[in-house]
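Colleague: Handing you this structure, nothing more for now.
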Amino acid sequence: MNGDGDAGGTRIIDGRFELIERLGSGGMGTVWRARDTVLHREVALKEVRSPDPAASPDADRVLRERVLREARALARLSHPHVVTIYHIVDAAADGHPWLVMELLPGHTLQDRLAQGPLDPREAARLGRQVLSALRAAHAAGIQHRDVKPANVMLRDDGSAVLTDFGIAALQGTTSLTATGDLIGSPEYIAPERIRGADDNPSSDLWSLGLVLYVAVEGVSPLRRATTLATLAAVLDEPVPPPVRSGPLAPVLSALLVRDPAARPSAGQLDAMLTRAESGEPPQWANEQPTPGPYAPAPAPAPTAVQASAPDPDSA
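Note that this note's numbering numbers the sequence shown so that position 109 is 110, with each residue one more than the last.
Take a look at the structure:
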């Protein structure tokens with residue numbers, strides 16, 4: 002059975018998953034805490050909807066097919082740093098799928114950063130774990146497209162889990178919806194994605210670089226007062242030189258360049274993060290003496306990281 006059921010006022014999905022409480026709603030749908038009545042465990046149930054309210058039925062159908070295809074690919078990963086997908090409900094009657102995922106304990110990296118920045122070596126350790134998740138996804142043909150602190154869960158043992166691959170299903174589409182809404186988080190989007198180039202896994206590495214910058218510096222260097230100003234900063238403004246990053250500084254410098262071809266590969270980045278985790282500044286062969294995005298220049302003050310409400314797409 003697909004779709005919804007109702008048992009005494011309790012909403013049941015696929016005849017099996019009893020919705021307990023809504024954890025949040027966002028552009029990609031709604032996340033629920035649910036009970037699997039067959040296996041008697043709690044899970045996270047994500048109702049995936051198009052972020053574009055003006056999307057045509059054909060566009061919704063394409064999105065549904067992409068969500069199902071990439072959710073199946075993710076379900077096969079079985080990676081310690083990727084959120085586990087247990088089951089997919091293809092509720093054709095509803096016109097959208099549901100993803101049944103592990104309900105992660107702990108808190109997000111964004112919650113942790115609200116308490117203060119990380120030590121560079123700790124940030125390098127977490128960066129390697131997120132990178133390993135991205136490498137596994139990229140090998141499966143999936144780009145994340147929304148790597149940010151709110152989408153990195155920290156388990157009770159301190160390990161990182163990358164969540165919210167929801168907008169990965171929009172790979173190959175524009176970064177804007179038909180209503181002009183942005184897909185993804187403006188301050189973490191790679192500049193080439195804003196310009197419409199969305200076929201390079203290196204774009205996820207730019208986003209990881211911004212996450213690491215925020216983690217050690219305690220500020221978001223490209224966030225501005227408005228979305229438009231933030232996008233302009235991502236495209237053209239220099240990133241303020243890091244002052245607290247220590248051995249992580251060469252990693253940030255290597256990642257936060259606007260030419261995707263000039264960034265390190267995932268393998269090179271892993272080697273650099275390994276050295277940074279040990280406290281040794283890594284070397285980057287592509288370092289250029291000419292001014293780049295780290296060249297000091299007057300720019301609006303970066304915005305301090307603040308805690309926010311739970312991200313509905315990070316379950």
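Every residue, glycine too, gets a C-beta built ideally from N, C-alpha and C.
(1) With a CB to CB cut of under 8 Å and the five nearest residues on each side skipped, what residues in its chain are close to residue 135?
(2) So, for residue 160: in the same chain, excluding its five sequence neighbours on each side, which residues have a beta-carbon less than 8 Å away from its beta-carbon?
(3) Taking the C-alpha atoms as reference points, what is the distance between residue 99 and residue 197?
(4) What is the rounded straight-line gap between the Cα of residue 123 and the Cα of residue 279?
(5) Give the range of the alpha helix (DSSP H) segment to which residue 249 is assigned.
(6) Is DSSP giving residue 108 helix, strand or coil here?
(7) Is the beta carbon of residue 249 closer than 8 Å to that of residue 213?
(8) Would you check if there are 3 or more beta carbon pairs closer than 8 Å linking the stretch 55-63 to the stretch 71-79?
(9) Quick test of the definition: if touching needs 3 or more C-beta pairs under 8 Å, does the stretch 36-56 touch the stretch 112-127?
(10) Going by DSSP in three states, residue 40 sits in which element: helix, strand or coil?
(11) Ignore the nearest five residues each way along the sequence and tell me which others in residue 251's own chain have a CB closer than 6 Å to its CB.
(12) Quick one: is the Cβ of residue 159 within less than 7 Å of any heavy atom of the ligand SAH?
(13) Please name the residue, chosen from 21, 118, 224, 51, that lies closest to residue 218 on a Cα-to-Cα basis.
(14) Evaluate residue 224 with the Cβ neighbour count: other Cβ atoms within 10 Å of its Cβ, from every protein chain shown; 16 or more gives buried, anything less gives exposed.
(15) Counting only runs that start and end within the stretch 211-290, where is the beta strand (DSSP E) found for 3 or more residues in a row?
(16) Look at residue 132 and residue 274 and say whether their C-beta atoms are less than 8 Å apart.
(17) In whole angstroms, give me the CA-to-CA distance for residue 277 and residue 121.
(18) For residue 198, which of helix, strand or coil comes out of DSSP?
(19) Given residue 243, which residues of its chain have a CB within under 6 Å of its CB, disregarding the five upstream and five downstream residues?
(20) Count the other C-beta atoms from every protein chain shown that fall within 10 angstroms of the C-beta of residue 289, then say buried if there are 16 or more, exposed otherwise.
(21) To the nearest angstrom, how far is it from the Cα of residue 102 to the Cα of residue 231?
(22) What does DSSP give as the partner residues of residue 18 in its beta bridges?
(23) Hey, out of 229, 228, 190, whose CA is closest to residue 261's CA?
(24) Can you tell me which of 233, 216, 157, 39 puts its alpha carbon nearest to the alpha carbon of residue 188?
(25) In three-state terms, what does DSSP make of residue 119?
(26) Using the Cβ count rule (16 or more neighbours within 10 Å means buried), how would you classify residue 40?
Modeller: The answer reads as follows:
(1) For the purposes of this step, residue 135 is identified with residue 134 of the sequence shown, where counting begins at 1. Within the same chain, and ignoring the five residues on either side of residue 135 in sequence, the residues whose Cβ sits closer than 8 Å to its Cβ are 145, 148, 163, 202, 205, 206, 209, 267.
(2) The residue you call residue 160 lines up with position 159 of the sequence shown. Same-chain partners within the cutoff: 81, 82, 130.
(3) As a working note, residue 99 is residue 98 in the sequence shown. As a working note, residue 197 is residue 196 in the sequence shown. So the alpha carbons of these two residues sit roughly 29 Å apart.
(4) Taking the first residue of the sequence shown as 1, we reach residue 123 at position 122. Taking the first residue of the sequence shown as 1, we reach residue 279 at position 278. Cα to Cα, residue 123 sits roughly 10 Å from residue 279.
(5) Position 248 of the sequence shown, counted from the start, is the residue given in the question as residue 249. Unbroken run through residue 249: none, as it is neither H nor E.
(6) On the sequence shown, position 107 is the one that residue 108 refers to. In the structure shown, residue 108 sits in a strand (DSSP, three-state: E or B).
(7) Position 212 of the sequence shown, counted from the first residue, corresponds to residue 213. Position 248 of the sequence shown, counted from the first residue, corresponds to residue 249. Contact: yes.
(8) no
(9) no
(10) What you label residue 40 is simply residue 39 of the sequence shown in a count that begins at 1. Residue state, collapsed to three classes: coil.
(11) Indexing the sequence shown from 1 puts residue 251 at position 250. The residues are 282, 283, 285.
(12) Here there are no bound small molecules, and the ligand SAH is not part of this structure.
(13) Counting from 1 along the sequence shown, the entry for residue 218 is found at position 217. Measuring from the Cα of residue 218, the nearest candidate turns out to be 118.
(14) The count along the sequence shown starts at 1 and reaches residue 224 at position 223. Buried, because 16 or more other Cβ atoms sit within 10 Å of the Cβ of residue 224.
(15) none
(16) Within the sequence shown, the letter at position 131 stands for residue 132. Within the sequence shown, the letter at position 273 stands for residue 274. Going by C-beta atoms, residue 132 is nearer than 8 Å to residue 274.
(17) Residue mapping note: residue 277 aligns to position 276 of the sequence shown, counting from 1. Residue mapping note: residue 121 aligns to position 120 of the sequence shown, counting from 1. Their Cα atoms are separated by approximately 8 Å.
(18) To locate residue 198, count along the sequence shown from 1; it is residue 197. Looking at residue 198 - three-state DSSP - the assignment turns out to be coil, as it is neither helix nor strand.
(19) In the sequence shown, counting from the first residue as 1, residue 243 sits at position 242. Within the same chain, residue 243 has close Cβ partners 218, 250, 253.
(20) Numbered from 1 along the sequence shown, position 288 holds the residue referred to as residue 289. Its pLDDT being 47, under 50, residue 289 is placed unreliably by the model, and the measurement read from it follows with that caveat. Exposed is the call here.
(21) On the sequence shown, position 101 is the one that residue 102 refers to. On the sequence shown, position 230 is the one that residue 231 refers to. C-alpha of residue 102 to C-alpha of residue 231: approximately 32 Å in a straight line.
(22) Translated into positions along the sequence shown, residue 18 becomes position 17. DSSP output for residue 18 lists 14, 37 as bridge partner(s).
(23) The residue labelled residue 261 in the question sits at position 260 within the sequence shown. Measuring from the Cα of residue 261, the nearest candidate turns out to be 190.
(24) Here residue 188 is taken as the residue at index 187 of the sequence shown, counted from 1. By alpha-carbon distance to residue 188, the top candidate from 233, 216, 157, 39 is 233.
(25) Numbered from its first residue, the sequence shown carries residue 119 at position 118. It is coil, neither helix nor strand.
(26) The sequence position of residue 40 within the sequence shown is 39, counting from 1. When all chains shown are included, residue 40 counts as exposed.
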